[in-house]
Amino acid sequence: MDHLEDEHDGGIIIDTICTGCDLFRPVNDRSLCDECFVKLERDLIRSRDWDYSATEFAVPEDQLEAMRERVIREYGAAYELIEDPDAPKKRKGK
29 MDHLEDEHDG GIIIDTICTG CDLFRPVNDR SLCDECFVKL ERDLIRSRDW DYSATEFAVP
89 EDQLEAMRER VIREYGAAYE LIEDPDAPKK RKGK
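Just add 28 to wherever you are in the sequence shown, counting from 1, and you've got our numbering.
So, in structure tokens, the structure goes:
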């Protein structure tokens with residue numbers, strides 16, 4: 029049986045859906061594709077949610093704010109994947 033090849037999965041089709049973009053892609057343990065995982069990491073850094081960021085473990089504590097400023101400078105302040113925690117809540121209509 030022939031398998032379609034994919035650069036991410038070593039030659040076998042992976043039928044998983046990324047919870048971030050809803051596309052069929054190989055995902056990690058958070059059910060996110062590589063692209064959405066990077067977006068989530070940037071969002072966690074923007075929100076200073078260091079406890080949930082995998083990147084935080086590789087950065088000394090005194091450099092976390094500098095990393096956050098760099099992310100905002102390079103990618104903007106808008107959240108890419110998660111909802112902005114400071115955004116006003118949308119009201120439901122009657």
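All residues carry an ideal CB built from backbone N, CA and C; glycine is no exception.
No experiment lies behind these values; they were computed from the predicted model shown.
Would you kindly work out how many angstroms separate the C-alpha atoms of residue i and residue j, rounded to a whole number?
i       : j       : result
Asp-34  : Cys-49  : Reliability of the predicted coordinates at Asp-34 is poor, the pLDDT of 49 falling under 50, and the value obtained from them is presented with this limitation in mind. Taking the straight line joining both Cα atoms gives about 18 Å.
Phe-52  : Leu-60  : 10 Å
Phe-65  : Lys-120 : 30 Å
Glu-97  : Arg-76  : 11 Å
Pro-113 : Pro-54  : 28 Å
Glu-108 : Glu-89  : 24 Å
Under the rule that 16 or more other beta-carbon atoms within 10 Å means buried, what is residue i, buried or exposed?
i       : result
Asp-71  : buried
Ile-45  : exposed
Arg-101 : exposed
Arg-74  : buried
Glu-69  : buried
Quick check on this structure: which residue in the options has the alpha carbon closest to the alpha carbon of residue i?
i       : options                   : result
Tyr-103 : Lys-67, Asn-56 and Glu-89 : Lys-67
For residue i, write down the residues that DSSP places opposite it in a beta bridge.
i      : result
Phe-52 : Ile-45
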